[in-house]
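Each remark here refers to the structure printed beneath this line.
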Amino acid sequence: MNTSLPVPVLDGRADLDAIAAWVAPGASVLDLGCGEGLLLKYLQQSRDVRGYGIEISDANVLACVKNSVNVIQSDLEAGLAGFDAGSFDYVILSQTLQAMHHTEEIIMEMLRVGRQGIVSFPNFGYWPQRLQIMRGRMPLSDVLPYLWYNTPNVHLCTLADFEDFCASHAVRILERVVMQEGRRVRIAPNLRGSVAVYRFEKE
């Protein structure tokens with residue numbers, strides 16, 4: 057494993073930099089749960105990307121407008137029925153997959169609306185979290201900072217879980233980046249990496 061080169065960081069989050077590196081110049085992008093629109097703003101400025109964000113929070117929608125990002129206020133749990141099939145080159149869901157109640161549906165919708173999907177999520181198989189469970193406690197860490205009673209996370213998974221899901225749903229994984237503290241993990245990633253980023257498409 058080569059951990060000498062840190063992944064360049066976008067807005068303090070290495071997963072966003074990994075996502076941005078996969079987006080082709082001039083592409084069309086739909087960013088689900090886009091927050092303040094910082095990823096889309098970066099992609100617009102650095103890669104001439106065209107796109108929209110979807111966000112439910114009033115404050116974040118206002119921030120997107122201030123950041124000159126096209127945003128639609130909507131609840132992702134309601135699906136993406138307002139978008140035609142193949143409307144975007146990429147549909148992105150960063151650090152939100154684990155908070156979705158309808159996980160299967162949103163991934164299938166991402167691949168209906170977009171040519172490719174990109175997700176990032178905390179890896180529940182990361183070894184310190186396994187150790188906390190063995191000690192009889194729910195994991196608490198930088199990537200899982202919530203207590204069991206106030207967490208927004210409802211569907212946590214490991215790398216192996218996500219890859220099994222893709223295999224059983226005719227989803228082809230194109231690229232994977234696994235990181236710990238901004239550095240890429242290549243050996244035993246399901247044990248040693250805290251955050252995973254995947255790019256995928258329909259088989």
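Following our numbering from start to finish, the sequence shown increments by one per residue and tops out at 259. For each residue, glycine too, the CB sits at the ideal point set by N, CA and C.
Expected contact under 8 Å - CB spacing of residue i and residue j to nearest Å
i: S176; j: S150; result: 5 Å
i: V125; j: G173; result: 20 Å between Cβ atoms; not a contact.
i: L99; j: V79; result: 6 Å
i: V234; j: F144; result: Not confirmed; about 25 Å, so no contact.
Where residue i sits in the DSSP three-state scheme
i: D140; result: coil
i: E237; result: coil
i: D198; result: coil
i: D73; result: helix
i: S250; result: coil
i: E231; result: strand
i: L61; result: Below a pLDDT of 50, predicted positions are generally treated as unreliable, and L61, at 44, falls in that range; the measurement from the model is reported next regardless. Coil.
i: L203; result: coil
i: L213; result: Looking at the sequence provided, one finds Cys at residue 213 rather than Leu. Looking at C213 - three-state DSSP - the assignment turns out to be strand.
i: E257; result: strand
Cβ shell of residue i (< 6 Å), same chain only, five flanking positions each side left out
i: L200; result: P178
i: A216; result: N246
i: T139; result: The sequence as given places Phe at residue 139; Thr does not occur at that position. So the qualifying residues of the chain are V169.
7 Å CB neighbourhood of residue i in its chain, flanking five on each side removed
i: A244; result: none
i: Q236; result: R248, G249 and S250
i: F180; result: L212, C213 and T214
i: T152; result: L88 and G89
i: R255; result: W78, Q172, I174, L230 and E231
Beta-carbon contacts of residue i that lie in its chain and below 8 Å, excluding the five residues immediately before and after
i: L95; result: L66, D67, L72, I75, A76, D87, I148 and S150
i: L61; result: Interpretation of L61 is limited by its pLDDT of 44, a score under 50 that renders its predicted location unreliable; the figure taken from the coordinates is listed afterwards. R239 and R240.
Inset, instruction - Indicate whether the contact test is met: 3 or more Cβ pairs, each with one atom in the region 107 to 121 and one in the region 85 to 94, closer than 8 Å. - result: yes
Inset, instruction - Check whether the region 157 to 171 touches the region 184 to 203, counting contact only when three or more Cβ pairs, one atom from each stretch, lie closer than 8 Å. - result: By the C-beta criterion, the region 157 to 171 is judged not to be in contact with the region 184 to 203, since fewer than 3 inter-stretch pairs fall below 8 Å.
Legend entry - beta strand (DSSP E) runs contained entirely in the region 168 to 197, provided each spans 3 or more residues: 170 to 178, all fully within the region 168 to 197.
Inset, instruction - May I have a chain-ordered list of the beta strand (DSSP E) segments no shorter than 3 residues that lie completely inside the region 105 to 166? - result: 106 to 111, 127 to 129 and 144 to 150
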